[in-house]
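So the structure is just underneath, and the comments pick up after that.
The structure is reproduced here in structure tokens:
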């Protein structure tokens, strides 16, 4: 049951967020999209500031930014990169914004989908710097592992952008980092094989293709990259994003 009340009480907003997250997780994209938009309308829309950029109209900045981040991921999944970019810009250009690696990553993916591959590099690199700077400050093993996976996927995303810019050495370095951080993911080896193939290094390419196949056969990690991932088509320079919050 979706709550139709326009009341902005914290309880109502939390319940609405819960139902939106549930629909998002269940793959009910259009329903979740409408619910996220309704929450944003209640917590404050994003307006053009006099000095340029975007600022929230109302006061619930944290919840508004949180929902915008979820909505930007959903927009990428629904192939709406321009709208995703609008939401990430609103988060990052707000005067009270806190540097968010997830928002930066979504911004970079949106630029890449729109074909602005050079613009995509900067936010993804910033996201990597933020996550990497916090890596050594956390002692819990499971949290450290999660940060390692997050870094791996960011390196993978930047690798994809650099691949389409034909900066193969830098792309391979990013892929090497991704494999170091997440060595059981077959897709990392598959993509590095594509880089080797583009450089006509057949032996290295075959080795990585073989590694990817073996990992798939022996139960290596799924090729589903979870929250944020770039899928790279071998037939086109179009990058498509998948998000499953």
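Numbering (the working numbering), first residue to last: 14 to 258. Don't be surprised by glycine CBs; every beta carbon is placed ideally from N, CA and C.
Would you kindly work out how many angstroms separate the C-alpha atoms of residue i and residue j, rounded to a whole number?
{"i": "residue 187", "j": "residue 114", "result": "17 angstroms"}
{"i": "residue 68", "j": "residue 47", "result": "Because the pLDDT of residue 68 is 45, which lies under 50, any placement of that residue in the model is unreliable, and the number read from its coordinates should be weighed accordingly. Those two C-alpha atoms are separated by around 22 angstroms."}
{"i": "residue 226", "j": "residue 199", "result": "7 angstroms"}
{"i": "residue 196", "j": "residue 77", "result": "36 angstroms"}
{"i": "residue 189", "j": "residue 212", "result": "16 angstroms"}
{"i": "residue 56", "j": "residue 32", "result": "16 angstroms"}
{"i": "residue 27", "j": "residue 49", "result": "12 angstroms"}
{"i": "residue 183", "j": "residue 172", "result": "7 angstroms"}
{"i": "residue 86", "j": "residue 119", "result": "7 angstroms"}
{"i": "residue 181", "j": "residue 51", "result": "44 angstroms"}
{"i": "residue 41", "j": "residue 224", "result": "35 angstroms"}
{"i": "residue 79", "j": "residue 216", "result": "46 angstroms"}
{"i": "residue 243", "j": "residue 232", "result": "Because the pLDDT of residue 243 is 42, which lies under 50, any placement of that residue in the model is unreliable, and the number read from its coordinates should be weighed accordingly. Rounded to whole angstroms, residue 243 to residue 232 spans 22 angstroms at the Cα level."}
{"i": "residue 230", "j": "residue 29", "result": "42 angstroms"}
{"i": "residue 266", "j": "residue 146", "result": "Only positions 14 to 258 of the chain appear in the structure, and residue 266 is not among them; the question remains open."}
{"i": "residue 43", "j": "residue 36", "result": "9 angstroms"}
{"i": "residue 92", "j": "residue 204", "result": "22 angstroms"}
Leaving out five residues on either side along the sequence, give the residues of the same chain with a beta carbon under 8 angstroms from the beta carbon of residue i.
{"i": "residue 117", "result": "101, 105, 136, 137, 139, 140 and 143"}
{"i": "residue 194", "result": "161, 162, 164, 165 and 168"}
{"i": "residue 228", "result": "197, 198, 199, 202 and 234"}
{"i": "residue 210", "result": "218"}
What residues in its chain sit with their C-beta under 6 angstroms from that of residue i, if we drop five residues either side in the sequence?
{"i": "residue 185", "result": "208"}
{"i": "residue 191", "result": "165, 168, 169 and 201"}
{"i": "residue 124", "result": "132 and 133"}
{"i": "residue 206", "result": "218, 221 and 222"}
{"i": "residue 9", "result": "The structure shown does not extend to residue 9, since the chain is modelled only from 14 through 258, so no value can be given for it."}
{"i": "residue 127", "result": "94"}
{"i": "residue 98", "result": "123"}
{"i": "residue 121", "result": "133, 136 and 137"}
{"i": "residue 38", "result": "none"}
Excluding the 5 residues flanking residue i on each side, which residues of the same chain have their C-beta closer than 7 angstroms to its C-beta?
{"i": "residue 81", "result": "53, 100, 103 and 104"}
{"i": "residue 260", "result": "In the structure as shown, the chain begins at 14 and stops at 258. Residue 260 is therefore absent and cannot be evaluated."}
query: Does the segment 177-184 touch the segment 139-148, meaning 3 or more C-beta pairs lie closer than 8 angstroms?
result: no
- request: Can you check the segment 76-115 for any alpha helix (DSSP H) of at least 4 residues that lies completely inside it and give the ranges in chain order?
  value: Listed in chain order, the complete alpha helix (DSSP H) runs (minimum 4 residues) inside the segment 76-115 are 94-106.
query: Enumerated in chain order, which unbroken segments of the beta strand (DSSP E) with a length of 3 residues or greater are wholly contained in the segment 162-245?
result: 242-245
Length-filtered (4 minimum) alpha helix (DSSP H) runs lying within the segment 123-150: 130-148, all fully within the segment 123-150.
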